[in-house]
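Have a look at the structure below before the remarks.
Shown next, in the form of structure tokens:
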């Protein structure tokens, strides 16, 4: 029984650990320039259901953690979203802003897609309403 209870308590420990950690997000923020902007636009364009040229996709921010990218993007006909990629393969998209008290739900969602803890924290910091 002790092994089972330890097994079930470990995920909770990591949620609490991520939730309380202070993270330097500046190191995850990539500069968007002419050289890499088209790459980010192309990744997002491939997963959009609407037909949009890559130049019509506004990329406002990119967070990177190892093989993961979180691309903050929008078009003129869609609301902003955060597109998650691992090794340039689309994983999922998050839409909308959240209140501070919604942090546990956001962390749970991000853990569900197996996003790294630091990326998860910085992603949350960007979508929380101040």
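In the numbering used here, the protein residues as written are 2 to 131. Cβ coordinates follow ideal geometry from the N, Cα and C atoms, glycine included.
{"Query": "Separation of residue 77 from residue 106, as counted between CA atoms", "Result": "28 Å"}
{"Query": "Euclidean distance between Cα positions of residue 89 and residue 69", "Result": "8 Å"}
{"Query": "6 Å CB neighbourhood of residue 61 in its chain, flanking five on each side removed", "Result": "73"}
{"Query": "Exposure of residue 82, with buried meaning 16 or more beta-carbon neighbours within 10 Å", "Result": "buried"}
{"Query": "Three-way DSSP call (helix, strand, coil) for residue 35 in this model", "Result": "helix"}
{"Query": "Delimiting residues of the alpha helix (DSSP H) encompassing residue 107", "Result": "104-113"}
{"Query": "Backbone CA spacing between residue 96 and residue 36 [nearest angstrom]", "Result": "26 Å"}
{"Query": "Cutoff 8 Å; reference residue 56; Cβ partners in own chain excluding five residues on either side", "Result": "42"}
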